Structures are given as C-alpha cells and as structure tokens.
Amino acid sequence: MSAGDKVVGIAGARRRRLHARSEGRLPATGPDLEALRARIDALEGELAAARASGAAPQGLLVALARIVQEGLSGFGWASLARTWREAYFAYHSEDVDDFGYDRKFTETLRPFFEFLYTVWWRVEVDGIEHVPEQGAALIVANHSGVLPYDGLMINLAVRHQHPGRREVRMLALDMFALLPFLAPMLGKTGAARANPDNGERLLRRGELVGVFPEGVKGVGKYYKDRYRLARFGRGGFVRLALRTGAPIIPVAVVGAEEIHPVIGKADWVGRPLGFPYFPITPTFPALGPLGLLPLPSKWALDFADPIDMQGHGPEAADDPILVNRLSEQVRSTIQRMIDGRLARRRSVWFG
Amino acid sequence: MRVALTGAASFLGGRVLRRLAERQQQDELLVVDVAPPPAALGVRYRPLDLTEPAADQKLLDLLREEEVDTVLHFAFFTNPRRDQAHAHELESIGTLSLFAACAAAGVERVLMRSFTAVYGARGHNPHFLTEDTPLHPNPALGWARDKREAEQHAASFARRFPEMKVTVLRFAPLFGPHLHTFYTSIFDRRVVPVPMGYDPLIQLLHPDDALEAVDAALATWPRGAVNVVPRAPMPLIGALHLAEKLPIPVPHPVAYAASDLMWASGVADAPGAFVDYVRYPFLGDGARAKREMAFEARHSSKEALFAYLAYRYPGPQAPRRRREAATATDVEASA
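Residue numbers (the working numbering), protein chains in the order written: chain A, 1 to 351; chain B, 352 to 686.
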C-alpha cells in the first residue's frame, strides 16, 4: 500500500481491480507482447483518469473541509489562498471573452435576477418576435430607475421569451461602468462601457446590443418627470446603427420609473464619491441599506418593429439631419408605446 | 541588412540579439550599448552611452563607419527607476539623439520598442486601444512620460524624414520564463493588495510571441505604431487566483498613498501611480499587427501566466500542477 491509495479513495480501488485484472491476463511463461501492451494501455488510461480528476477543481466545500480537518496547523496563507481560490472559481470561469463577459458568473447571479423578473416585477413582454433570430441589432430603450435594472430585464426578456435565447450586450453608462464594485459586475455579466467603438465592435460581431440614449438624464430623473423621455443624446446610437447596418429595435420599459422614486437629490454627497448624482427616495437613505431594495412595481416591455438601416448606407452616418430625424423617430416610437401602456395601466403595482 | 542594436542588455533586446545572431552573418550585426554583449555570441560591439551630451555625433560617426542601414532601438527601462533623471536622459533624450543620428546617417529603417502602458490606464479609455488612440499616461508617472516622449520623437522624425521607415512596436506587458519585472513581481508575493471593487482585464504577452512580432516587423516594416498583444486578455483577480495568491482588497486612495510611501521608503518596486494599471484596463488592439504584419500571438494571457508560474515555482510546487503532480506520483508509486 502506498501513501497515495489513502488519498485517491474510490479511484484507487478501481485502479487496484484493473491492475489485478491486467496482471491476471499476463501469461506465466515468458513475456507476451500483446498482454503487456494491453496492461500498459490500461495503466495509461488509469493515469489519464487520475490526472483529469486531479486537475478538476476540488470545490469550495472540500477546500473548507480540509481546513477544518487540518485544524490550526493547516491554517495558513497557502490554505487560505486555496480556499479563497476555490470560492472564486465556484462562481467565476477561468476564461472570459475579450470584453470580460463571464458566463459562469452570470449563471450564478441569474436565479436572483430571475426572481426579480418573474416574482418581484412580473415582467410582461410584448413584441419579442421583432428581435431577429440572428445577426446584429441595436435595442434602444428608455432608461429609468436609478440603478440599471432595466437593462438586466431586457436581457432576461430576450433570453426567456425569444426562441433564439439570445444574449443582449448592454452598453453601460460611464457612471456605472467606472463605479467600483458595479463596474466589474457589469463587465462580467456581459455589459461594455458605452462608447461608439465598443458598440461598433460588438455589432460587427453580430451581437444584440442594447443602449439607453437618454443616459444619466433618464436614469436619474425625478419621479415627477416619469415617462417623459429626455433628449436622446446626440444621436450616437443612430450613427452606430448606420455605420454597421444593424436595425434599430425601439423598446419601451414601463414600471422601472417606480422602483426607486427620486423625490430629491443631494449631489454634494455623491460628487466626491464619483457619483454624478445622489438620489433621495422615500426609503433611501432614510432606511439605510434597506432603501436599496427596489419597489415591486409591475413591469411591461414593449418591443417595436425594427427600423431598417440598410437603405441608408454607412456614409449616411455623416448626415446630421438624417441622424437627428432617425433619432427623433425612435424617440417618438418609444414615447408612443409608453403612453399607450400607461393609458391601459390601472395600477402601478398590479398592471 | 546591416543592423545596429541598442539595449542588448534588456530582456527583449537580448532575446532579439540572440535570435539575429543565430540567423545572420555575424559581421552584419552590431551591438551599440554601454555593456558588451555575451562573448559567446561573437557579435561585434561598439560602446556608446546614449545619455552622453554628444551621443548623437558619436552615434552618427559610428553608423556611417559601419554603414548601418537598420537600427533596432530597445534601450528602455521595463522597471521604474529611482534615478528618474537618468531614465529621462536615456529614454527621451537618448531616443532623440538616436533618431537625429539615424536621420543624418541616412539609416533606412528604425524599429523602436514601446509599451501598451504608454496609452495610460484610465477609466475613460476605449476598451480596445487602437494605435491612433492618443497617449495619455498618468502625468505623475515619469516612467510612462519618458516613453511617450520617445514615441513623440519617433513620430516627429518619421514625419520629417519620410524616406526613413520608422516602426514602433507597443508590447503588452511581457510575462514568461526568465522575466523579473515589477509587473511579474505582483505574482511573486503570497498576499497581493489590489484596489477594492476593481477587476480590470489584463494582457500578458509571452516572450516568444514578442520575438515573433519582432520577426514579423523586420519582414514587413509597417510605418508607425503597432500593438503587439496576446491572443486573449484575462481578469486580474482571476489571474491572481489561478496563481494561488491571496488578493487583499484595499480602497484605492489608500493603495495609491501606501504604494507611494512604500516606494519612497524603498520597499515597493513601483510608485503609487502604477496602481492605475491594476485598476483600469489598458488593452491594446491587435488588429493592425494582424493586418499589416500578419502577426497573431500564439499564446493567450493565461498561457503566458502559466509559463511564468512554471518557471517561478519549478517542480511540483507550481500552482495548479500541485494536485495533478501528486496524483501522478501516487499512480506511479503503486503501479
């Protein structure tokens, strides 16, 4: 018995059986080449299996159990680092795409987001068939709700309701994409920082890209201004679509305005910390961290007909009048869809 | 080609020297440096200090005498120097002298080594830095400032002397066996302080890829700057965990102040402004290298990291291999 047998356990028992079997096959007289080769093959297979099981992560619980088992003597930087590492790779993958999108991390957070989607906000989706099965498209939506939950919900809507199970790559505002903690989180869940270069790169790869042209003006607006669309930037999203030929799909988000009703702003608090604004809601900061809990309003997402950009050609991106007209067209489409929804909505909480 | 090489004592310069010495007629290769190259290579050597006041005149005479037509400029410091004035003299002023001499001597081709770190790591950078992105390193960082000045000299001479082909290769941080830089030293500690709440993507370039890129540039001579980057980036925290390090999050204002203090007291390898490079990404875009030099890195950042770790922690102590090796020896013992 070697020391290794204790550690390997089940694999060891199987190996001994195999070992015995291959030995049994060996003839008693002289070396039989074929049997020897078979035995070597069996052993090599075992070796490969043992290597594979050794390379696989041992898992967080095993790492923790090992620390407990070894007691104080096993508690050092190395074991701490190993445990932390197992904890990290339990929720992160080793390989991310070049924008930092980590599928495993997203999978980990998904149950929480799905709870928000199905139970908390009971998102109702209309017109999802307008999202193409494949190829690039630019999803343009109104922005609201202080924190970028609306992007998350659009992402989930396309994942859940669309037959293609597509992923929407959101272009996040600088204020979110540069914020500590939120920035790596957004990157790992597939968002990229909103700039024309990132958007173009993703669209050229044939991805679905989501943008909120209202930007900070939309996401941080007062409750009294709810559902009144702010200016759509300077039409950068239209230029993006024109350059890449991707169709624009206007999306109206109704319900997100009520999750954090902003009744005041204390910008002087937020500025030194790097926030462009510091919202005051009925629950925040009065209730502390509890105030970060979004209110359970009823949400509706309306996807409109795609606006085709192929007819214009990429050089049209340099025509400011056309860009402005298309931008205004998208804005009015979204505003119309929102107004329609609001007219039909009887309750903020029950739809 | 009659080639003159500066900075042969640097890691990359030394590698380039070895490769050229193996491949070329040795009398065509000339090392111009303060320190002689290894005698075993049998390469010709002319001593010259680029920080001297009359370095340009000396270099000009030398280039004319030797009828050099190609200059490879690798005399740059990978690590931040405590003698910032000397680093400035060598990197900025030395490059100016070098280009002045090259232009006057009618050198046909100049290849200069640069760094993707010269773009500067800033939150507002585009995610992928193409070669025409303006260079905005942290102004507090003399290390990057001097390299940007060197690049500006290169660009200015390339504009004024169009008959001279100037290629600038911006390498992502090198990571691999035999490297000891302030960047690899992050992975030498057991406990690594990292800015809290940030996890930038990093690019680690395998030295073999860097050499391949130099070869590709020597064959094609694209004009202007070209990024040389690995196949895929990886997240910093993930890299630290793969290396079985313990990342300790530190609020970034504390990180800047503490590393400045540690640099000033001689403990740390790099001043505080370097915290930028573990706080924000600075990812070079490799499209131009692919287009104009037909160069594509063969190693990803992860492979470069593992190559370094296998070198740094040889034998069964290498992270990730430890368990693998343990099971392998068990099997051998019982077989």
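Idealized CB from N, CA, C, for every residue including glycine.
A quick note: this is a predicted structure, and the numbers were derived from the prediction, not measured.
- Query: In terms of alpha-carbon separation, which member of A/Gly127, A/Phe278, A/Leu203, A/Asn198 lies closest to valine 216 of chain A?
  - Reply: Here residue 216 of chain A refers to the residue found at position 216 when the first sequence is read from its first residue. Closest in alpha carbon position to valine 216 of chain A, among A/Gly127, A/Phe278, A/Leu203, A/Asn198, is A/Phe278.
inquiry  = Excluding the 5 residues flanking alanine 28 of chain A on each side, which residues of the same chain have their C-beta closer than 7 Å to its C-beta?
reply    = On the first sequence, residue 28 of chain A is found 28 positions in, with the first residue counted as 1. Note that alanine 28 of chain A scores a pLDDT of 48, beneath 50, so its modelled location is shaky and nothing firm can be said.
- Contacts that alanine 192 of chain A makes with chain B (C-beta to C-beta distance below 9 Å): For the purposes of this step, residue 192 of chain A is taken as residue 192 along the first sequence, with counting starting at 1. In chain order: His478.
### Query
Hey, quick one: how far does the beta strand (DSSP E) through leucine 342 of chain A stretch, first residue to last?
Here the question's residue 342 of chain A lines up with position 342 in the first sequence. Note, leucine 342 of chain A: premise wrong, no beta strand (DSSP E); alpha helix (DSSP H) at 320-344.
Checklist entry - For the region 601-609 of chain B against the region 577-592 of chain B, are there 3 or more C-beta pairs whose distance is under 8 Å? => result The count of Cβ pairs closer than 8 Å, one atom from the region 601-609 of chain B and one from the region 577-592 of chain B, stays below three, leaving the stretches out of contact.
| request: Compare the C-alpha of tyrosine 227 of chain A against each of A/Val238, A/Leu80, A/Val254 and name the closest. | output: Start at 1 with the first residue of the first sequence, and residue 227 of chain A comes out as number 227. Distances from the CA of tyrosine 227 of chain A to each of A/Val238, A/Leu80, A/Val254 were compared; the closest alpha carbon is that of A/Val254.
Q) Would you say the beta carbon of glutamate 207 of chain A comes nearer than 6 Å to a heavy atom of the ligand ATP? A) Among the components modelled here there is no ligand, and therefore nothing to report on the ligand ATP.
**Prompt:** Does the beta carbon of alanine 81 of chain A come closer than 7 Å to any beta carbon on chain B?
**Reply:** Counted from its first residue, the first sequence places residue 81 of chain A at position 81. At least one chain B Cβ lies under 7 Å of alanine 81 of chain A.
Residues that DSSP places opposite phenylalanine 479 of chain B in a beta bridge: Residue numbering aside, residue 479 of chain B sits at position 128 when the second sequence is read from its first letter. According to DSSP, which records beta bridges pairwise, phenylalanine 479 of chain B is partnered with B/Leu634.
Query raised in the report: What whole-angstrom Cβ distance do leucine 380 of chain B and valine 367 of chain B have, given they're in contact under 8 Å?
Result: Counted from its first residue, the second sequence places residue 380 of chain B at position 29. Counted from its first residue, the second sequence places residue 367 of chain B at position 16. The pair is not a contact, with the Cβ atoms about 10 Å apart (cut-off 8 Å).
Review point. With a cut-off of 7 Å, does the C-beta of leucine 178 of chain A fall near any C-beta of chain B?
Key: Translated into the one-based positions of the first sequence, residue 178 of chain A becomes position 178. Chain B contact via Cβ: present.
Contacting positions in the region 556-583 of chain B - beta carbon closer than 8 Å to chain A: Within the region 556-583 of chain B, Ala583 place their CB atoms closer than 8 Å to a CB of chain A, listed in sequence order.
Ignore the nearest five residues each way along the sequence and tell me which others in phenylalanine 646 of chain B's own chain have a CB closer than 6 Å to its CB. As a first step, residue 646 of chain B is located in the second sequence; it is residue number 295 there, counting from the start. Closer than 6 Å at Cβ, skipping near neighbours: Ala564, Ala567, Ala640.
Quiz prompt | Burial state of alanine 56 of chain A, where buried means 16 or more other Cβ atoms lie within 10 Å | solution = As a working mapping, residue 56 of chain A is identified with position 56 in the first sequence. Residue placement at alanine 56 of chain A is poorly supported in this model, since its pLDDT is 49, which falls under 50; the coordinates still yield a value, given next. It counts as exposed.
Could one say the Cβ of aspartate 98 of chain A lies closer than 7 Å to chain B's Cβ atoms, at least one of them?
By one-based count along the first sequence, residue 98 of chain A stands at place 98. Contact with chain B is found for aspartate 98 of chain A, since one of that chain's Cβ atoms lies less than 7 Å from the residue's Cβ.
Check: What is the DSSP secondary structure of glutamate 124 of chain A, counted as helix, strand or coil?
Finding: Looking up residue 124 of chain A in the first sequence gives position 124. Glutamate 124 of chain A: strand per DSSP, three-state reduction.
Chain A residues whose Cβ lies nearer than 9 Å to that of leucine 593 of chain B
As a working mapping, residue 593 of chain B is identified with position 242 in the second sequence. Ordered by position in chain A, the residues that pass the 9 Å Cβ test against leucine 593 of chain B are Arg85, Phe89, Glu94.
- Message: Rounding to the nearest angstrom, what Cα-Cα distance links glycine 145 of chain A and glycine 637 of chain B in this structure?
- Response: For the purposes of this step, residue 145 of chain A is taken as residue 145 along the first sequence, with counting starting at 1. For the purposes of this step, residue 637 of chain B is taken as residue 286 along the second sequence, with counting starting at 1. Roughly 38 Å between the two C-alpha positions.
Please list the partners that tyrosine 470 of chain B has in chain A, where partner means a Cβ-to-Cβ separation under 8 Å.
-> Working through the second sequence from its first residue, we reach residue 470 of chain B at position 119. Near tyrosine 470 of chain B there are no residues of chain A at all, since even the closest Cβ is about 14 Å away, more than 8 Å.
- prompt: If you drop the 5 nearest sequence neighbours on each side, which residues of the same chain put their C-beta closer than 6 Å to that of leucine 591 of chain B?
  reply: Against the second sequence, residue 591 of chain B aligns to sequence position 240. Around leucine 591 of chain B: Val543, Pro598.
Handout entry: Which of helix, strand or coil DSSP assigns to arginine 366 of chain B
Key = Taking the second sequence and counting its residues from 1, one reaches residue 366 of chain B at position 15. Reduced to three states, the DSSP call for arginine 366 of chain B is helix.
Check: Using the C-alpha atoms, what's the distance from alanine 455 of chain B back to threonine 692 of chain B?
Finding: The structure shown does not extend to residue 692 of chain B, since chain B spans only 352 to 686, so no value can be given for it.
Once the 5 residues before and after aspartate 302 of chain A are set aside, which same chain residues still bring their CB inside 7 Å of it? Along the first sequence, one-based indexing puts residue 302 of chain A at 302. The residues are Asp126, Gly127, Val251, Ala252, Met337, Arg341.
Margin query: I need the boundaries of the alpha helix (DSSP H) containing threonine 446 of chain B, first residue and last residue.
Written below: The count along the second sequence starts at 1 and reaches residue 446 of chain B at position 95. Here the alpha helix (DSSP H) through threonine 446 of chain B covers 445-456.
Problem - Cβ neighbours of threonine 414 of chain A in the same chain (closer than 6 Å, five flanking residues each side left out) - result: Because chain A spans 1 through 351 in this model, residue 414 of chain A falls outside it and cannot be assessed.
- Query: Where does alanine 405 of chain B sit, in a helix, a strand or coil, going by DSSP?
  - Reply: Taking the first residue of the second sequence as 1, we reach residue 405 of chain B at position 54. Three-state DSSP puts alanine 405 of chain B in coil, outside helix and strand.
Query raised in the report: Pick from B/Tyr662, B/Gln408, B/Val419, B/Val580: whose alpha carbon is nearest that of histidine 529 of chain B?
Result: The residue given as residue 529 of chain B occupies position 178 in the second sequence. For the residues B/Tyr662, B/Gln408, B/Val419, B/Val580, the minimum Cα distance to histidine 529 of chain B belongs to B/Tyr662.
Residues in the region 635-648 of chain B with C-beta within 8 Å of chain A's C-beta atoms, listed in sequence order? Considering only beta carbons, no part of the region 635-648 of chain B lies closer than 8 Å to chain A.
Can you tell me whether DSSP reads leucine 371 of chain B as helix, strand or coil?
Residue 371 of chain B sits at position 20 when you count from the first residue of the second sequence. Leucine 371 of chain B: helix per DSSP, three-state reduction.
Expressed to the nearest angstrom, what Euclidean distance is found between the alpha-carbon atoms of aspartate 620 of chain B and tryptophan 494 of chain B? For the purposes of this step, residue 620 of chain B is taken as residue 269 along the second sequence, with counting starting at 1. For the purposes of this step, residue 494 of chain B is taken as residue 143 along the second sequence, with counting starting at 1. Those two C-alpha atoms are separated by around 13 Å.
Q) Which residues in the same chain have their Cβ closer than 6 Å to the Cβ of glycine 364 of chain B, if we skip the five residues on either side of it in sequence? A) Position 13 of the second sequence, counting from 1, holds the residue named residue 364 of chain B. Take glycine 364 of chain B, set aside five residues on each side of it, and the residues of its chain with a beta-carbon closer than 6 Å to its own are Gly358, Phe425, in chain order.
- Task: Assuming glycine 220 of chain A contacts valine 269 of chain A (C-beta within less than 8 Å), just tell me the rounded distance between them.
- Result: The residue you call residue 220 of chain A lines up with position 220 of the first sequence. The residue you call residue 269 of chain A lines up with position 269 of the first sequence. About 14 Å; that fails the 8 Å criterion.
What residues in its chain sit with their C-beta under 6 Å from that of lysine 596 of chain B, if we drop five residues either side in the sequence? Here the question's residue 596 of chain B lines up with position 245 in the second sequence. The beta carbon of lysine 596 of chain B sits closer than 6 Å to those of Val543, all from its chain and outside the five residues before and after it, given in chain order.
Does the beta carbon of aspartate 197 of chain A come closer than 7 Å to any beta carbon on chain B? Within the first sequence, residue 197 of chain A is the residue found at index 197, counting from 1. Taking Cβ atoms only, chain B reaches closer than 7 Å to aspartate 197 of chain A, which makes this a yes.
Report buried or exposed for glutamate 683 of chain B, applying the criterion of at least 16 other Cβ atoms within 10 angstroms of its Cβ. Walking along the second sequence from the start, residue 683 of chain B turns up at place 332. Annotation note: pLDDT 42 at glutamate 683 of chain B (below 50); position unreliable, no value reported.
| said: For chain B, check one thing: does any of its Cβ atoms lie closer than 7 Å to the Cβ of phenylalanine 303 of chain A? | reply: The residue you call residue 303 of chain A lines up with position 303 of the first sequence. Cβ-Cβ to chain B under 7 Å: no for phenylalanine 303 of chain A.
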